[in-house]
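Just below is one structure, and these are the notes that go with it.
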Amino acid sequence: MSFRFSSGSRRICSQAGSPRLSRGGSGFGAGTTCVAPGAESSFACTLGAVSSAGSSCQGGGGSGSGIFTGFLGNEQGLLSCNEKVTMQNLNDRLASYLAHVHTLEAANTELEQKIADWYDKCGPEHLPGLGHDYSRYFSAIEDLKKQIISVTAYNASIVLQNDNARLTADDFKLKYENELGLHQLMEADTSNLRRVLEELTLCAADLETQCESLTEELAFLQKNHEEETRALQCASGGNVNVEMNAAPGVDLTVLLNNMRAEYEDLAEQNRRDAEACFHEKSASLQQQISDDKQSYEHTLAETEGNYCVQLQQIQDQIGAMEEQLQQIRTETEGQKLEHEQLLDVKMILEKEIETYYLTEETFVKTMVEELDQLGSVLSLRVHSVEEKSSKISNITMEQRVPAKAL
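Going by this note's numbering, the final residue of the sequence shown carries number 1059, and the count climbs one at a time with no gaps.
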């Protein structure tokens, strides 16, 4: 990026990077950009030279055409993946750069006008005692300009590297997503092919078993056919001898061919009958196996249902027994409480007996208890009668009355 400050005739260096001061003005250039006299405004950056209408990039004076370079230098490898996205990205970047250029041109024009106004008001010619020889500052200004140019170029290269790295990362990310999708598709196809291979293996084993059984059956049929053929040949040989003795003019070859054809037909018919019988028996066995399987499944379901019902009944019985046990425990606790109460009553009575024993008065007490069939005490009643007698020390009468059956 470069800024140009000038006043008066706006004369800029004839070659990029060289300063020139005229009539109080100053110019700064960067990169490979310069402007010929008569140009309205210009802006340049290290990525290339971008100019508006009326601006030019030349080594000397005169007008020329704008040149745009540096954007597509390292993008050749990325265009192969997705050219549309890359070109759209580059177009967006170019548009943003052009907008930035126009903004800076307007700011440059405004600054030039302000500097020109300042020089007109507060220039060196208005300050007495100051000379106009600035040659001693040219070397320092030149060094600073070179440093600015180098730093600007370095920053621009870093920005370009960052952009290239970002685009490369996006490219690799897109490739990774594509490869991941292909990998998942391959895994799904592999799993499907494995299932198909297992099914084919099972089918091959079944076919091998069928082939072995059919081979054994074929060997058995061939053996039977050979035995039957041998027996028939022996029988036909005797007949031939007899016929030859009786009628020598008979053609034995024709007879043998006819017999061979008949026996071949008979063997073929036997083979077909054997195959039909085999298939019929196989179908009947398969049907029987299916029926047995269904009956066994039905029996198993019935057995499971019966056992479930029995288990439910047992659980109900267990619940009833637990309720009875809880009731018995409650009754036992009540009887225990009554027994404790009776023991307390007994202790009280014994204390009263001891108390009355110390006195001369005698009490006749009658205790009436109600008992159930198990011998448990249901109720207790005590009757006391006072007598004035010194001879009778203590008389206690107990009467147990059995309770009625509950």
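Quick reminder that beta carbons are idealized off the backbone N, C-alpha and C, glycines included.
| Query | Result |
| --- | --- |
| Report the option in Asn-959, Gln-988, Glu-976 and Ser-943 whose CA atom is closest to the CA atom of Leu-1029. | Checking the sequence shown, residue 1029 turns out to be Ser, not Leu. Closest by alpha carbon: Gln-988. |
| Would you mind stating whether Ala-1063 and His-951 have Cβ atoms separated by less than 8 Å? | This structure cannot speak to residue 1063, because the chain is shown only from 654 to 1059. |
| How would you label Val-754, buried or exposed, when you count the other beta carbons within 10 angstroms and need 16 or more for buried? | buried |
| If you follow the alpha helix (DSSP H) that Leu-757 is in, where does it begin and where does it stop? | 736-775 |
| Quick check on Leu-820: buried or exposed, where buried means 16 or more other Cβ atoms within 10 Å of its Cβ? | buried |
| Is it buried or exposed for Pro-690, if we count other Cβ within 10 angstroms and need 16 for buried? | In this prediction, Pro-690 has a pLDDT of 35, which is less than 50 and means its spatial position is unreliable; nothing more can be read from the coordinates. |
| Tell me whether the stretch 838-850 and the stretch 868-887 touch, counting them as touching only if at least three CB pairs, one residue from each stretch, are closer than 8 Å. | no |
| What's the C-alpha gap between Gln-966 and Asp-997? | 46 Å |
| Just the Cα atoms here: how many angstroms apart are Leu-732 and Lys-799? | Residue placement at Leu-732 is flagged as unreliable, the pLDDT there being 46, under the threshold of 50; the coordinate-derived value follows with that caveat. Answer to the nearest angstrom: the Cα atoms are 36 Å apart. |
| Please classify Asp-1025: does DSSP put it in a helix, a strand, or coil? | coil |
| Hey, how far is the Cα of Asn-761 from the Cα of Ile-768? | 10 Å |
| If you draw a straight line from the C-alpha of Asn-910 to the C-alpha of Thr-862, how long is it? | 37 Å |
| Would you kindly check if the distance between the Cβ of Leu-874 and the Cβ of Ala-927 is under 8 Å? | yes |
| May I have the straight-line CA-CA distance separating Leu-838 from Leu-846, to the nearest angstrom? | 12 Å |
| Who are the near neighbours of Ser-937 in its chain, counting only those whose CB is closer than 8 Å to its CB and skipping five residues on each side? | none |
| Just verifying my parser: in three-state terms, what is the DSSP assignment at Tyr-949? | helix |
| Identify whether Tyr-787 lies in helix, strand or coil by the three-state DSSP scheme. | coil |
| Contact check, Leu-813 vs Asn-735 under 8 Å by CB: the rounded distance? | Actually they are not in contact, since the Cβ atoms of Leu-813 and Asn-735 sit about 20 Å apart, beyond 8 Å. |
| CB Tyr-916 to CB Thr-882, shorter than 8 Å? | yes |
| Distance check for Gln-941 and Gln-947, CA to CA, integer angstroms please. | 10 Å |
| Can you tell me the Cα-Cα spacing of Glu-976 and Tyr-949, whole angstroms? | 40 Å |
| Where Gln-766 and Ala-752 are concerned, what is the direct C-alpha to C-alpha distance, given to the nearest angstrom? | 21 Å |
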